[in-house]
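Numbering (the working numbering), first residue to last: 87 to 320.
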């Protein structure tokens, strides 16, 4: 059944918010922005619905294996008791001395949400470095909830993240239905798809850091990125 939505500008006109000493110009511009925010919310939901309606993805036929904190595991093991598995492949290959600060920012935001996330789906973090390095970096950040795994032979990374085994991030969702594991969705935006003047990124933005900064007059900026250590400024 198709639901007829009230035009966004009509909904925005119902807004009775006001704040001390604001001008009439501010209120007109803010209500116009509110209509756009309503449209954005609707577009986000439309995109999410299209994602949910994707046809079946390709069946996973390879026996992908990873090294976890408690020993070797398979892709199937990562599901635990869930029907859906989210894998975030982060930038911490053997060539890196430290993990990527941007990936670390995202993962740090998820650390305290794992208990909530895993009520619905399984979550695993995968990188190409040996498991000892991944565990050491995790402990350095004080993380206790995120599960990290090493893709030692790179088979998973080459098939689902980068065919060239490049040190790039990836976000992949798998389903398991009636014992069959299938690829459901992966982030596919890359730097070549960035709009002029914007830092390359996908949508939706999975790191709340950027969502929060988007609500401020300074915005995201164009010359600042998260760091692993702020003791020397930044």
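Where a beta carbon is used, it is the ideal one built from N, C-alpha and C, also for glycine.
- Apart from sequence neighbours up to five positions away, the residues of its chain that approach residue 280 with a beta-carbon distance below 8 Å are 286 and 287, ordered along the chain.
- Counting every other CB atom within 10 Å of its CB across the protein chains shown gives residue 235 a total of 16 or more, marking it as buried.
- Residue range 157–160 is occupied by the beta strand (DSSP E) that includes residue 158, with no alpha helix (DSSP H) assigned at that position.
- Note that the C-beta distance between residue 130 and residue 258 is not below 8 Å.
- In this structure, residue 178 keeps its C-beta atom at 8 Å or more from the C-beta atom of residue 121.
- Secondary structure of residue 92 (DSSP, three-state): coil.
- Counting the other Cβ atoms within 10 Å of the Cβ of residue 193 gives 16 or more, which makes it buried.
- Sorting 218, 152 and 254 by C-alpha distance to the C-alpha of residue 273 places 254 at the top.
- The DSSP assignment places complete beta strand (DSSP E) segments of no fewer than 3 residues inside the stretch 138–203 at 151–154, 157–160 and 170–175, in order along the chain.
- Contact check for residue 175 and residue 247: beta-carbon distance about 5 Å, within the 8 Å limit, so the pair qualifies.
- Comparing C-alpha distances from residue 150 to each of 95, 308, 190 and 243 shows the shortest one belongs to 243.
- In the assembly as shown, residue 128 is an exposed residue. Its beta-carbon has fewer than 16 other beta-carbons within 10 Å.
- Distances from the alpha-carbon of residue 289 to those of 133, 103, 98 and 166 put 133 closest.
- Put simply, the backbone Cα of residue 238 is about 12 Å away from that of residue 219.
- The Cβ atoms of residue 148 and residue 208 do not sit closer than 8 Å to each other.
- Note on geometry: alpha-carbon atoms of residue 163 and residue 296 lie some 33 Å from one another.
- Under the three-state reduction of DSSP output, residue 277 falls in the helix class.
- Nearest Cα to residue 137 within the set 271, 228 and 107: 271.
- Here residue 252 is exposed, its C-beta having fewer than 16 other C-beta atoms within 10 Å.
- Residue 142 and residue 103 have their C-alpha atoms roughly 45 Å apart.
- If you check the CB distance, residue 211 and residue 231 do not come in under 8 Å.
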